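Below: one structure, written as structure tokens.
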């Protein structure tokens, strides 16, 4: 499912959806598939929640198209929080909301292909491109942080053009290094830890997205 920058009216009838997560959580979901408006809505809604400082709300985090809201039942009960979230969701079109403020534009030098990133040719072929064409396209593609996950400070970046809707591998690469740039399903992942992955390793950077020794350990 690819909505591009437009979100069909039929989908807006089904979403957003609210679901209970355990005893102390609610999940706001803006779509069941990644698309730009739903990711924008998740980022905007979470940013708005953070400014509201509702009593009893202890945590908000985003996934690609959803927002998790963790709460302390001693500060706010489930029914009250659910009603407040429903009211907030109805107060505006979150799919058309501006992205959060104070974002930064990063330029990250990247080596594509070669021994440092051995799966560029394979990924390019799956996208119907030569390696040179893939490098030219990907190195000029402006992406944003869609969500952070899997490892501390590790960004999922996108959304890439439709031709990059390539599958993950059927077998894991045993390990990619810190700073590895990988690709699948119209997204990059920029690795913050050496780890196995099913995403194809197409580029290598010196970027350290997680620096635990720093006062601000998360770069993105």
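In the numbering used here, the protein residues as written are 3 to 222. Positions of the beta carbon are idealized from the N, C-alpha and C atoms, including for glycine. Please read all numbers here as calculations on a predicted model, not as lab measurements.
I'd like to check one pair, residue j with residue i: are the Cβ atoms closer than 9 Å?
i           : j           : result
residue 30  : residue 18  : yes
residue 189 : residue 160 : yes
residue 185 : residue 98  : no
residue 68  : residue 114 : no
residue 154 : residue 209 : no
residue 21  : residue 101 : no
residue 112 : residue 53  : no
If distances are taken between C-alpha atoms only, which option among the options comes closest to residue i?
i           : options            : result
residue 173 : 87, 28, 201        : 201
residue 119 : 129, 133, 128, 109 : 133
residue 146 : 34, 33, 222        : 222
residue 2   : 203, 204, 186, 182 : What is shown of the chain runs 3 to 222, which leaves residue 2 out entirely.
residue 157 : 137, 180, 169, 164 : 180
residue 162 : 101, 102, 191      : 191
residue 90  : 131, 79, 43, 217   : 43
residue 150 : 60, 16, 41         : 41
residue 136 : 62, 204, 117, 78   : 204
residue 175 : 217, 121, 131      : 121
residue 25  : 35, 34, 84         : 84
In three-state terms, what does DSSP make of residue i?
i           : result
residue 148 : strand
residue 127 : helix
residue 23  : strand
residue 109 : coil
residue 45  : helix
residue 210 : coil
residue 85  : helix
residue 61  : strand
residue 185 : strand
residue 204 : strand
residue 171 : coil
residue 177 : strand
residue 218 : coil
residue 142 : coil
Using 10 angstroms around the beta-carbon of residue i, count the other beta-carbons present and answer buried if the total reaches 16, otherwise exposed.
i           : result
residue 37  : buried
residue 140 : buried
residue 109 : exposed
residue 177 : exposed
residue 93  : exposed
residue 142 : exposed
residue 87  : buried
Contact check, residue i vs residue j under 8 Å by CB: the rounded distance?
i           : j           : result
residue 66  : residue 148 : 6 Å
residue 72  : residue 27  : 5 Å
residue 165 : residue 129 : 5 Å
residue 254 : residue 56  : There is simply no residue 254 to check, as the chain begins at 3 and stops at 222 in what is shown.
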